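Structure record follows, encoded as structure tokens.
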Amino acid sequence: MQLAREEEAETARILAELTDAVRTRLADLDVLVDAVGDLDWIFARAHLAERMAATAPVVDSQRGVALRGARHPLLLAQSWDSPDRPVVPVDLELTVDRPAVVITGPNAGGKTIALKTLALHALMAQCGCHLPAEEGSRLPVFTRVHAIIGDDQSVAENLSTFSAFIKQVREILDDTDDRSLVLLDELGAGTDPDEGAALAQAIVETLAERGALVMATTHLEPLKAFASTHPRARNASVEFDTATLAPTYRLRYDRPGQSLALTIAARLGLAPELIARAQDHRAEHAARLAELLARLDEHSRSEAERVRAIEGREQEAVARLAAAREAEAAAQRQSRDLIGRAKAEAAQLLADIRRAVAAEWERLKRSERTRRDLEQSRQRINQLAARVAPHANPAPGSPEALVPGASVTAEHLGLRGELIAIAGETATVRAGTVTLRVPLGALRPAEAPAPDGDRAAGASIAPTRGAIRLPQKMGVGSELLLLGRTTDAARELVEQYLDDAFMAGLPTVRLIHGKGTGALRKAVRDLLAGHPLVESYRDGQPSEGGAGATVAALKVGA
Numbered sequence: 001m002q003l004a005r006e007e008e009a010e011t012a013r014i015l016a017e018l019t020d021a022v023r024t025r026l027a028d029l030d031v032l033v034d035a036v037g038d039l040d041w042i043f044a045r046a047h048l049a050e051r052m053a054a055t056a057p058v059v060d061s062q063r064g065v066a067l068r069g070a071r072h073p074l075l076l077a078q079s080w081d082s083p084d085r086p087v088v089p090v091d092l093e094l095t096v097d098r099p100a101v102v103i104t105g106p107n108a109g110g111k112t113i114a115l116k117t118l119a120l121h122a123l124m125a126q127c128g129c130h131l132p133a134e135e136g137s138r139l140p141v142f143t144r145v146h147a148i149i150g151d152d153q154s155v156a157e158n159l160s161t162f163s164a165f166i167k168q169v170r171e172i173l174d175d176t177d178d179r180s181l182v183l184l185d186e187l188g189a190g191t192d193p194d195e196g197a198a199l200a201q202a203i204v205e206t207l208a209e210r211g212a213l214v215m216a217t218t219h220l221e222p223l224k225a226f227a228s229t230h231p232r233a234r235n236a237s238v239e240f241d242t243a244t245l246a247p248t249y250r251l252r253y254d255r256p257g258q259s260l261a262l263t264i265a266a267r268l269g270l271a272p273e274l275i276a277r278a279q280d281h282r283a284e285h286a287a288r289l290a291e292l293l294a295r296l297d298e299h300s301r302s303e304a305e306r307v308r309a310i311e312g313r314e315q316e317a318v319a320r321l322a323a324a325r326e327a328e329a330a331a332q333r334q335s336r337d338l339i340g341r342a343k344a345e346a347a348q349l350l351a352d353i354r355r356a357v358a359a360e361w362e363r364l365k366r367s368e369r370t371r372r373d374l375e376q377s378r379q380r381i382n383q384l385a386a387r388v389a390p391h392a393n394p395a396p397g398s399p400e401a402l403v404p405g406a407s408v409t410a411e412h413l414g415l416r417g418e419l420i421a422i423a424g425e426t427a428t429v430r431a432g433t434v435t436l437r438v439p440l441g442a443l444r445p446a447e448a449p450a451p452d453g454d455r456a457a458g459a460s461i462a463p464t465r466g467a468i469r470l471p472q473k474m475g476v477g478s479e480l481l482l483l484g485r486t487t488d489a490a491r492e493l494v495e496q497y498l499d500d501a502f503m504a505g506l507p508t509v510r511l512i513h514g515k516g517t518g519a520l521r522k523a524v525r526d527l528l529a530g531h532p533l534v535e536s537y538r539d540g541q542p543s544e545g546g547a548g549a550t551v552a553a554l555k556v557g558a
């Protein structure tokens, strides 16, 4: 016993010590508990949203309600255990311009479920929950959500159904502003239908005038007429399939509904003769109204089916258009890729060509120097040939004299030049700066010039370099305008122009390149400096364009 008491005392001491230690961190623990509670609330909402396939509502600054495909949260939860009882979504609409909606239709058609669905969605949204509705559904922020749904009669408080209803309405009217939502089930019931309808109409009008959004259900015909004619109210009805005598639980706007009490009573097994007697008791105008509403319902259903078909075709067209646009975008992307690759390849090719042109230009400048060396060698060879000419076997005018280095003529071309080479029946002849191929049989040895008086008779002179006598090129101007050209384009134009001017026999030409940055002037003068047809070049005189032009002298007649 002593040991047990000691153990109990030690346990109490340890617990007290631990309690004192925890007490010093009480503020931190309070913060931690609050944070854990907040996290638990967040995770619970997220789990519920995922399970319901819910979406985030859009806050409507215009104070309107637009819930698309809204599902009652509790019915949705029940369907998880009963997949054979799916929840039918409903569209709920309230606007500032028409803030009152009166829902009519048969019992058990879904009127009250529509009210509860709207109430629960409004409260869930303001608790930070996602809504079991379609994407883009809109709700305002309500300051108050009032609902009168169900019978609140009380024997203890001596309240009838109607008395309880009036008490609740009075409380709502005392606490309603322009950001309130008011839901009224079976409005006008529990009293004389005429007086109840008049009172119900006054209640709805007052709430709408205060700016509240109002949704009410009723079976009273005067309220249907009120909602059809009042500018700030509209009708809605629960859909009822007359073929199967079963509700579809969907709402149709701007159409009053029928209560179908006799039809439903017959469906629920009430005696046919009793139903027939009830039909006889109905007022004639009510029967005609019911028939008219039935026809209207049928027409509405056919129109709804037509609209759904049109919407289906429209969605298909939109899908095809989107696919076509995507295909077009893909084609454009592919085209841009191809064009980009082509441009890159073209740029690379252009760079290669420019390098090749630059290398060729350097080679040509070197070949021009080589040509001068060859000319000197040719002159030395001709001097040697002159010494041995008297001893050559063929006569100067005979065909056997057609050897490289000889002076020849081509009568059909009016050409006199120097024979460069013989390849089979083709000869290469150079006349001035022009080299061309002619048939060997068309060439004749040129007559040597007459000897000087100081020379001995019979001494022959070496053939001299001939000159070409080609028809001149006509219509070539004496100046070339290069303003606005790129350096590459200018080089190409100058090359062609110098050839044409030389063939036309122009002694000088003027190349107008302007001043600018000097790049075009430099490119032109670099080309002239190494060109075989150019004798010299200079700046233009003031009358010729000054530094904006270059005047080149050509080797015409050289």
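For the sequence shown, position 375 (counting from the first letter as 1) is numbered 375 according to our numbering, and the numbering increases by one without interruption. Here a beta-carbon is modelled for each residue, glycine too, at the ideal position from N, C-alpha and C. Since the structure is predicted, the reported quantities are computational estimates derived from the model, not experimental observations.
Terminal residues of the alpha helix (DSSP H) in which His281 lies: Against the sequence shown, residue 281 aligns to sequence position 281. Looking at the DSSP string, the run of the alpha helix (DSSP H) that includes His281 is Pro272 to His281.
At 3 residues or longer, what runs of the beta strand (DSSP E) sit wholly inside the segment 151–206? Runs of the beta strand (DSSP E) inside the segment 151–206: 180–184.
Grouping DSSP H, G and I as helix and E and B as strand, with all else coil, what is Ala133? Taking the first residue of the sequence shown as 1, we reach residue 133 at position 133. It is coil, neither helix nor strand.
Is the CB of Leu436 under 8 Å away from at least one CB in chain E? Although the question refers to chain E, the structure presented lacks it and comprises just one protein chain.
Whether or not the segment 132–141 and the segment 49–60 are in contact is what I'm after, with contact meaning three or more pairs of Cβ atoms, one per stretch, closer than 8 Å; do they touch? Counting Cβ pairs under 8 Å, three or more are found: they touch.
When you compare the CB positions of Ala559 and Val204, do they come within less than 8 Å of one another, or not? In the structure displayed, the chain extends from 1 to 558; residue 559 sits before or after that span and is not available.
Compare the C-alpha of Arg250 against each of Gly69, Pro507, Ala16 and Trp41 and name the closest. Taking the sequence shown and counting its residues from 1, one reaches residue 250 at position 250. The alpha carbon of Arg250 has as its nearest neighbour, out of Gly69, Pro507, Ala16 and Trp41, the alpha carbon of Gly69.
In three-state DSSP terms, what is Glu50? On the sequence shown, position 50 is the one that residue 50 refers to. Glu50: helix per DSSP, three-state reduction.
Just the Cα atoms here: how many angstroms apart are Arg333 and Pro86? As a position in the sequence shown, residue 333 is number 333, starting the count at 1. As a position in the sequence shown, residue 86 is number 86, starting the count at 1. So the two alpha carbons sit approximately 46 Å from each other.
Close-in-space but distant-in-sequence residues of the same chain around Ala189 (CB under 7 Å, 5 per side omitted): On the sequence shown, position 189 is the one that residue 189 refers to. Counting only Cβ-Cβ distances below 7 Å, and skipping sequence neighbours, we find Gly196.
Spatial distance of Glu314 from Lys224 (CA atoms): By 1-based counting over the sequence shown, the position of residue 314 is 314. By 1-based counting over the sequence shown, the position of residue 224 is 224. Distance between the alpha carbons of Glu314 and Lys224 is about 34 Å.
Kindly indicate the opening and closing residues of the alpha helix (DSSP H) around Ile14. Reading the sequence shown from its first residue, position 14 is the one you call residue 14. Start and end: Gln2 to Arg23.
Endpoints, the beta strand (DSSP E) within which Ser536 is located: Taking the sequence shown and counting its residues from 1, one reaches residue 536 at position 536. Taken as a continuous stretch (DSSP letters only), the beta strand (DSSP E) holding Ser536 covers Val534 to Asp539.
Ser237 (DSSP reduced to helix, strand or coil): On the sequence shown, residue 237 is found 237 positions in, with the first residue counted as 1. Reduced to three states, the DSSP call for Ser237 is strand.
Spatial distance of Ile339 from Ala324 (CA atoms): Taking the sequence shown and counting its residues from 1, the one referred to as residue 339 is at position 339. Taking the sequence shown and counting its residues from 1, the one referred to as residue 324 is at position 324. Cα to Cα, Ile339 sits roughly 22 Å from Ala324.
Hey, Leu402 and Pro445: beta-carbon distance below 8 Å or not? Locating residue 402 in the sequence shown gives position 402, where the first residue counts as 1. Locating residue 445 in the sequence shown gives position 445, where the first residue counts as 1. Yes, Cβ-Cβ distance for Leu402 and Pro445 is below 8 Å.
Can you tell me where the beta strand (DSSP E) holding Ala552 begins and where it ends? On the sequence shown, position 552 is the one that residue 552 refers to. Ala549 to Leu554 is the extent of the beta strand (DSSP E) around Ala552.
Please work out which residues of its chain come closer than 6 Å, Cβ to Cβ, to Gly397, disregarding the five sequence neighbours upstream and downstream, and give them in chain order. For the purposes of this step, residue 397 is taken as residue 397 along the sequence shown, with counting starting at 1. The predicted position of Gly397 is uncertain, since its pLDDT is 46 and thus under 50; no value can be drawn from it.
Suppose contacts are defined by Cβ-Cβ distances below 8 Å. Is Leu173 in contact with Thr143 by that definition? The residue you call residue 173 lines up with position 173 of the sequence shown. The residue you call residue 143 lines up with position 143 of the sequence shown. No. Outside cutoff.
Going by other Cβ atoms of all chains shown within 10 Å of its Cβ, with 16 needed for buried, is Thr11 buried or exposed? Indexing the sequence shown from 1 puts residue 11 at position 11. Thr11 is exposed by the Cβ-count criterion.
Between the alpha carbons of Leu527 and Ala347, how many angstroms are there, rounded? The residue you call residue 527 lines up with position 527 of the sequence shown. The residue you call residue 347 lines up with position 347 of the sequence shown. Put simply, the backbone Cα of Leu527 is about 23 Å away from that of Ala347.
Please classify Cys127 as buried or exposed, where buried requires at least 16 neighbouring CB atoms within 10 angstroms. Mapped onto the sequence shown, residue 127 falls at position 127. Per the 10 Å Cβ criterion, exposed.
Classification of Glu328 by the beta-carbon crowding that lies within 10 angstroms, buried from 16 upward: Stepping through the sequence shown from its first residue, residue 328 is reached at position 328. Its Cβ having fewer than 16 others within 10 Å, Glu328 is exposed.
Give a yes or no on whether the C-beta atoms belonging to Arg179 and Arg63 are separated by under 8 Å. Translated into positions along the sequence shown, residue 179 becomes position 179. Translated into positions along the sequence shown, residue 63 becomes position 63. For the pair Arg179 and Arg63, the CB atoms are nearer than the 8 Å cut-off.
At what residues does the beta strand (DSSP E) containing Leu220 begin and finish? As a first step, residue 220 is located in the sequence shown; it is residue number 220 there, counting from the start. Here Leu220 belongs to no beta strand (DSSP E), and DSSP marks it neither H nor E.
Val238 to Glu171 span [Cα, whole Å]: Taking the sequence shown and counting its residues from 1, one reaches residue 238 at position 238. Taking the sequence shown and counting its residues from 1, one reaches residue 171 at position 171. A direct Cα-Cα distance of roughly 29 Å separates Val238 from Glu171.
Go through its chain and collect everything with a Cβ distance to Gly109's Cβ below 8 Å, but skip five positions before and after it. Translated into the one-based positions of the sequence shown, residue 109 becomes position 109. Result list for Gly109: Val238, Glu239, Phe240, Pro247, Tyr249 and Gly257, in chain order.
Given a threshold of 16 other Cβ atoms within 10 Å of its Cβ, counted over all protein chains shown, does Glu186 qualify as buried or as exposed? Locating residue 186 in the sequence shown gives position 186, where the first residue counts as 1. Residue environment for Glu186: buried (at least 16 other C-beta atoms within 10 angstroms of its C-beta).
Alpha-carbon spacing of Ser160 relative to His72, whole angstroms: Numbered from its first residue, the sequence shown carries residue 160 at position 160. Numbered from its first residue, the sequence shown carries residue 72 at position 72. Here the alpha carbon of Ser160 sits roughly 30 Å from the alpha carbon of His72.
Cβ-based neighbour list, Ala147, same chain, cut-off 6 Å, excluding 5 preceding and 5 following: Reading the sequence shown from its first residue, position 147 is the one you call residue 147. Spatial neighbours of Ala147 in its own chain (CB-CB distance under 6 Å, excluding positions within 5 residues in sequence) are listed in chain order as Ala119 and Leu183.
Which residues bound the beta strand (DSSP E) around Asp91? Residue mapping note: residue 91 aligns to position 91 of the sequence shown, counting from 1. Val90 to Leu94 is the extent of the beta strand (DSSP E) around Asp91.
Over what stretch of residues does the alpha helix (DSSP H) that includes His513 continue unbroken? Here residue 513 is taken as the residue at index 513 of the sequence shown, counted from 1. Careful: His513 lies outside any alpha helix (DSSP H) and carries neither H nor E.
Classify Ile468 as helix, strand or coil using the three-state DSSP reduction. As a working mapping, residue 468 is identified with position 468 in the sequence shown. Bear in mind that a pLDDT of 39 at Ile468, under 50, signals an unreliable position, so the model cannot answer this.
Under the three-state reduction of DSSP, which class applies to Ala319: helix, strand or coil? The residue you call residue 319 lines up with position 319 of the sequence shown. In this structure, Ala319 counts as helix in the three-state DSSP scheme.
Length of the line joining the Cα atoms of Gln272 and Asp194: Counted from its first residue, the sequence shown places residue 272 at position 272. Counted from its first residue, the sequence shown places residue 194 at position 194. Contrary to the premise, residue 272 reads as Pro rather than Gln in this sequence. Taking C-alpha positions only, Pro272 is separated from Asp194 by approximately 29 Å.
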